[in-house]
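K.L.:
Numbering of the sequence shown is given in our numbering, commencing with residue 563 and proceeding in unit increments.
In this text, a Cβ means the ideal position worked out from N, Cα and C, and glycines have one as well.
Here's a structure for you.
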Amino acid sequence: PIPILNRKGEKVGYKKDKNGEIIVTKLDEITLQKIALTTGGKYYRATAGEMELDKVYEEISKMEKKELEGKLMMQYEDRFQYPLFLAILFIIGEFFISERRKVKKKKESLIL
563 PIPILNRKGE
573 KVGYKKDKNG
583 EIIVTKLDEI
593 TLQKIALTTG
603 GKYYRATAGE
613 MELDKVYEEI
623 SKMEKKELEG
633 KLMMQYEDRF
643 QYPLFLAILF
653 IIGEFFISER
663 RKVKKKKESL
673 IL
């Protein structure tokens, strides 16, 4: 049976099919062996008390060891907006406190 666990990891029941019957799983070793043979792998049946892991580790150690190539990519984050915002604020501020505007007003008042 396939257990159903709650958030705490406690068994609360078993998975059921459309008819409400508990689903019972079966080991299909023949299909698993065919898959392993087709893909160039090996099939080991892991059972309690047996040492299949030793066989797996042995197979891994026999495999060709090679160094994998990797690439390091730097991803930069655009932050030009902050200085741009400040520059725009300064330009607007300069417009309001500009000496040129004051000079124009003085010239206009002298003409009148």
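(1) Going by alpha carbons, who is nearest to residue 585 out of 596, 592 and 563?
(2) Helix, strand or coil: how does DSSP classify residue 603 here?
(3) Terminal residues of the continuous beta strand (DSSP E) containing residue 565?
(4) Beta carbon of residue 605, beta carbon of residue 591: below 9 angstroms?
(5) Report the rounded CA-to-CA distance for residue 677 versus residue 593, giving the unit in angstroms.
(6) On the DSSP letters alone, give me the boundaries of the alpha helix (DSSP H) that residue 624 sits inside.
P.N.:
On the basis of the supplied data:
(1) When only C-alpha atoms are compared, the closest one is 563.
(2) Reduced to three states, the DSSP call for residue 603 is coil.
(3) That run of the beta strand (DSSP E) goes 565 to 567.
(4) Yes; because the gap between Cβ atoms is below 9 angstroms, this pair is in contact.
(5) The chain is shown only over 563 to 674; residue 677 falls outside these bounds and no answer can be derived.
(6) Element bounds for residue 624: 614 to 624.
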